[in-house]
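Engineer:
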Amino acid sequence: MKVIENISELITIPNDGRHPKRGEGMRDLGIIRNVNLWIEDGKVLRITREMPDRVDEKIDARGKVVMPSFVDPHTHPVFSGYRDFELSLKISGKTYQDILKSGGGIFYTVDRTREASEDELFRESSKRIEYMIKHGTLAAESKSGYGLDLENELKILKVIRRLSREYPITLVPTFLLHVVPRKREEGDYVLEMIDALDTLKRYAVNVDVFCDKGAFSSQWTEIFLKKAREKGFNLKMHADELEYIGCSSLINKLDFISMDHLIKTPDEVILEMSRKDTVAVLLPGTPFTLLEDKYANARKFIDNNVPVAVGTDLNPNCYTESMQEIIALSIYKMRMSVEEAITASTYNAAFATGVQDRYGSIGEGKEANLLILDIPSYTHLGYHFGVNLVSDIVWKGELI
């Protein structure tokens, strides 16, 4: 028997396990004060102020806050080559198209990712996974997308599998139809990837499409996603980040576990999302690093009872592994309450990632994946930013 004792605030996030939280429910953190947590066989046994007769190990929370570990529902962690040189270009007023023409942008990353071996990609990406864990993320949806051909997409997915096996973290693999490769036609590339779905199914559980201006059309996105659904993939989509071109309206035709970005989503789609369990994954780090003033309207989604999660969008253009930083941006830039941001980064993020049975909340009988935060109250999340507030991490019931 293991006991975490002297917990000042325990954030449990009550839920029914079958649906993401929405509306006012996102503000209910189920806080229990001055309590102990019993853990046995990697799972929470009891939440109580009592101590068991037999204790094999004590973890003293020292009056700190205990909460579920973060779940990051949108990451691109496996790539080669940094793009720090683009920051000075962005600051000087260069557009993304200007940066592409100067040799930067996504194809810079694609070229270097293609050149890297699987072992090289593993070594580069390992550091990112270590940072994620240190900052409290113990589960993350992890996308391919920087290969743009079957061989290199599989290479990325194999690295994601290796990382998940080597580190105390659950990485849920997603094949991403990211952009049309150079010198290829959109339809030809989509059909090629449809033919590859059986092979991809051995390495990925989700598929995602970047459906937006300059990426994939809603027509080809629909064709691809319908075929992927037939093969048993969960469906996700980058939508409405740059423009609304009908992408998010596919919610009327398909069931998604999440739709992500959603900066330009129209009201009628938000209303339709309120009727479903599709999670709106909002990514405030993306406009922040693009020096944009337009963020997803989190208040409109939440106030219309759409379940909302937040994620890092970790990639070479939005280079952060910290969900704590994303909580701060969610509060300051999207006007989410701290309670909403916590729910969005734990339980709803777990639902968007498909791991809500093991992550995202603390309850009796559930796997013990949790954090001890060195703060006097949960309200310091977001308020105290720019530092790592995690002091201790418990994964599958073990202190790591």
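Residue numbers (the working numbering): -18 to 381. Ideal placement from N, C-alpha and C gives every residue a C-beta, glycine not left out. Computed from a predicted model, the values in this text were never measured in an experiment.
#1: My output table needs one value for Glu211: the three-state DSSP class, helix, strand or coil.
#2: Over what stretch of residues does the alpha helix (DSSP H) that includes Ile251 continue unbroken?
#3: Mind pulling the alpha helix (DSSP H) runs of 4 or more residues that sit fully within the segment 331 to 377?
#4: Once the 5 residues before and after Ile312 are set aside, which same chain residues still bring their CB inside 7 Å of it?
#5: Check Glu273 in the structure and name its three-state DSSP category.
#6: Which residues does DSSP pair with Pro154 in a beta bridge?
#7: Grab the span of the alpha helix (DSSP H) containing Leu310 for me, first residue to last.
#8: Among residues of its own chain, excluding the 5 on either side of Tyr127, which ones have a beta-carbon nearer than 6 Å to its beta-carbon?
#9: Leaving out five residues on either side along the sequence, give the residues of the same chain with a beta carbon under 6 Å from the beta carbon of Leu131.
#10: Under a Cβ-count criterion, where at least 16 other Cβ atoms within 10 Å of its own Cβ denotes burial, should Thr180 be classed as buried or exposed?
#11: Would you mind sorting Pro288 into buried or exposed? The rule is 16 or more other CB atoms within 10 Å of its CB.
#12: Less than 9 Å between the C-beta atoms of Val52 and Leu(-9), yes or no?
#13: Which partner residues of Val46 appear in the DSSP bridge assignment?
#14: Can you name the start and end residues of the beta strand (DSSP E) that Asn187 belongs to?
#15: How far does the beta strand (DSSP E) with Phe51 in it extend, from its first residue to its last?
#16: What residues are listed by DSSP as bridge partners for Ser326?
#17: If we ignore side chains and look at the alpha-carbon of each, how far apart do Arg35 and Ile20 end up?
#18: Can you give me the start and stop residues for the beta strand (DSSP E) that Lys136 sits inside?
#19: Hey, is the segment 180 to 194 in contact with the segment 143 to 155, meaning 3+ C-beta pairs nearer than 8 Å?
#20: Spell out a yes or no on whether the segment 65 to 78 and the segment 103 to 119 are touching, meaning 3 or more CB-CB pairs, one atom from each, closer than 8 Å.
#21: Give the single residue among Pro162, Asn15, Ala42, Gly341 whose Cα lies nearest to the Cα of Asn350.
#22: Using the C-alpha atoms, what's the distance from Pro(-5) back to His55?
Structural biologist: The structure says:
#1: By one-based count along the sequence shown, residue 211 stands at place 230. Under the three-state reduction of DSSP output, Glu211 falls in the helix class.
#2: In the sequence shown, the residue the question calls residue 251 occupies position 270. Unbroken alpha helix (DSSP H) run through Ile251: 248 to 254.
#3: Fully enclosed alpha helix (DSSP H) runs of 4 or longer: not present.
#4: Taking the first residue of the sequence shown as position 1, residue 312 is located at position 331. Its chain contains Val319, Ala322, Gly363 as the residues whose beta carbon lies nearer than 7 Å to that of Ile312, once the 5 sequence neighbours on both sides are disregarded; these appear in chain order.
#5: Taking the sequence shown and counting its residues from 1, the one referred to as residue 273 is at position 292. Glu273: coil per DSSP, three-state reduction.
#6: As a first step, residue 154 is located in the sequence shown; it is residue number 173 there, counting from the start. Looking at the DSSP output, Pro154 sits in a beta bridge with Ser123.
#7: Taking the first residue of the sequence shown as 1, we reach residue 310 at position 329. Where Leu310 is concerned, the enclosing alpha helix (DSSP H) stretches over 304 to 315.
#8: Position 146 of the sequence shown holds residue 127. By the criterion of a C-beta distance shorter than 6 Å, Tyr127 is surrounded in its chain by Phe60, Thr90, Val91, Thr94, once the five residues flanking it on both sides are discounted.
#9: If you number the sequence shown from 1, residue 131 lands on position 150. Within its own chain, the residues whose Cβ lies closer than 6 Å to the Cβ of Leu131, once the five positions on either side in sequence are excluded, are Ala177, listed in chain order.
#10: Against the sequence shown, residue 180 aligns to sequence position 199. Thr180 comes out exposed.
#11: One-based indexing of the sequence shown puts residue 288 at position 307. Buried: at least 16 other Cβ atoms inside 10 Å.
#12: Position 71 of the sequence shown holds residue 52. Position 10 of the sequence shown holds residue -9. No, these two residues do not count as a Cβ contact at 9 Å.
#13: Translated into positions along the sequence shown, residue 46 becomes position 65. Answer is Glu(-10), Leu354.
#14: Position 206 of the sequence shown, counted from the start, is the residue given in the question as residue 187. Where Asn187 is concerned, the enclosing beta strand (DSSP E) stretches over 187 to 192.
#15: In the sequence shown, counting from the first residue as 1, residue 51 sits at position 70. First-last of the beta strand (DSSP E) with Phe51: 51 to 56.
#16: Locating residue 326 in the sequence shown gives position 345, where the first residue counts as 1. In DSSP, Ser326 forms no bridge with anything.
#17: Taking the sequence shown and counting its residues from 1, the one referred to as residue 35 is at position 54. Taking the sequence shown and counting its residues from 1, the one referred to as residue 20 is at position 39. Between Arg35 and Ile20, the alpha-carbon positions lie close to 12 Å from each other.
#18: As a position in the sequence shown, residue 136 is number 155, starting the count at 1. Here Lys136 belongs to no beta strand (DSSP E); instead the alpha helix (DSSP H) covers 131 to 147.
#19: Yes: at least three Cβ pairs fall under 8 Å.
#20: Using a Cβ-Cβ distance cut-off of 8 Å, the segment 65 to 78 and the segment 103 to 119 are not in contact, since fewer than three pairs of beta carbons, one from each stretch, lie closer than that value.
#21: Taking the first residue of the sequence shown as 1, we reach residue 350 at position 369. The residue with the shortest Cα to Cα distance from Asn350 is Gly341.
#22: What you label residue 55 is simply residue 74 of the sequence shown in a count that begins at 1. What you label residue -5 is simply residue 14 of the sequence shown in a count that begins at 1. Looking at the two C-alpha atoms, the distance is approximately 23 Å.
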